[in-house]
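*Asks:* In the numbering used here, the protein residues as written are 28 to 166.
Every residue gets a Cβ at the ideal spot worked out from N, C-alpha and C, and that includes glycine.
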Amino acid sequence: FGGQKNLAEVFIPDGVKFLGDGIFMADFFENYQAPSDLTEIPAYTFISAKNLTHIDIPSGVTHIGAGAFQYCSSLEGISLPAGIETIESGTFSGCSSLKEVVLPAGVKSIGSNAFSDCASQKTIALPEGIELIAEYAFV
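This is the structure in structure tokens:
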């Protein structure tokens with residue numbers, strides 16, 4: 028959907044389990060509700076979606092790909108479900124409006140630069156049981 032200048036909304040029906048990398052590389056999104064059956068947010072799904080302000084990630088998602096929300100400069104809030112296990116490198120890098128990150132208990136690994144350059148970030152709550160926090164994850 029990248030390059031779609033006049034597209035205001037996209038509705039993805041329930042039942043969709045997989046999305047391709049970079050599918051929503053566009054800045055028209057303000058809010059987005061992912062299909063309830065989704066199991067992964069692939070790499071670069073919303074990269075540079077500058078108008079995206081909030082995202083609710085469905086409970087079945089266990090993996091968020093590299094750079095999935097990178098440079099979403101208006102993203103203020105994310106709701107991460109308990110099933111999230113992996114947050115890849117650069118996932119939320121450059122989300123300069125993101126204020127608070129509460130990682131659910133199931134998170135096992137956070138990739139490098141996952142939350143780098145999040146200038147508004149004031150609170151980061153890490154769960155017990157986390158196994159890997161890669162270099163520069165919160166720089």
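So, helix, strand or coil for THR80, using DSSP?
*Replies:* Three-state result, THR80: coil.
*Asks:* Taking the runs of the beta strand (DSSP E) that are 3 residues or longer, which of them lie wholly in the stretch 88-156?
*Replies:* Fully enclosed beta strand (DSSP E) runs of 3 or longer: 104-106, 127-129, 150-152.
*Asks:* Just how far apart, CA to CA, sit TYR59 and GLU158?
*Replies:* C-alpha separation (whole angstroms): 30 angstroms.
*Asks:* Are the beta-carbon atoms of ALA141 and SER101 separated by less than 8 angstroms?
*Replies:* Contact: no.
*Asks:* Taking the straight line between their C-alpha atoms, what separation do you get for LEU107 and ILE114?
*Replies:* In a straight line, the C-alpha of LEU107 is about 10 angstroms away from that of ILE114.
*Asks:* Taking the alpha carbon of ASP144 as the reference point, which residue from PRO85, TYR98, GLY47 has its own alpha carbon closest?
*Replies:* Cα-wise, what sits closest to ASP144 is TYR98.
*Asks:* According to the neighbour-count rule (16 or more other Cβ atoms, all chains shown, within 10 Å of its Cβ), is THR72 buried or exposed?
*Replies:* The residue is buried, with at least 16 neighbouring Cβ atoms inside 10 Å.
*Asks:* Contact defined as beta carbons within less than 8 angstroms: I believe ILE74 pairs with GLY94. What is the distance between those atoms, to the nearest angstrom?
*Replies:* Indeed, because the Cβ distance is near 5 angstroms, the residues count as touching under 8 angstroms.
*Asks:* So what does DSSP say about ILE39, is it helix, strand or coil?
*Replies:* ILE39 falls in the coil class under three-state DSSP.
*Asks:* For PRO40, tell me which candidate among PHE51, GLY47, ALA61, ILE50 has the shortest Cα-Cα distance.
*Replies:* It is ALA61.
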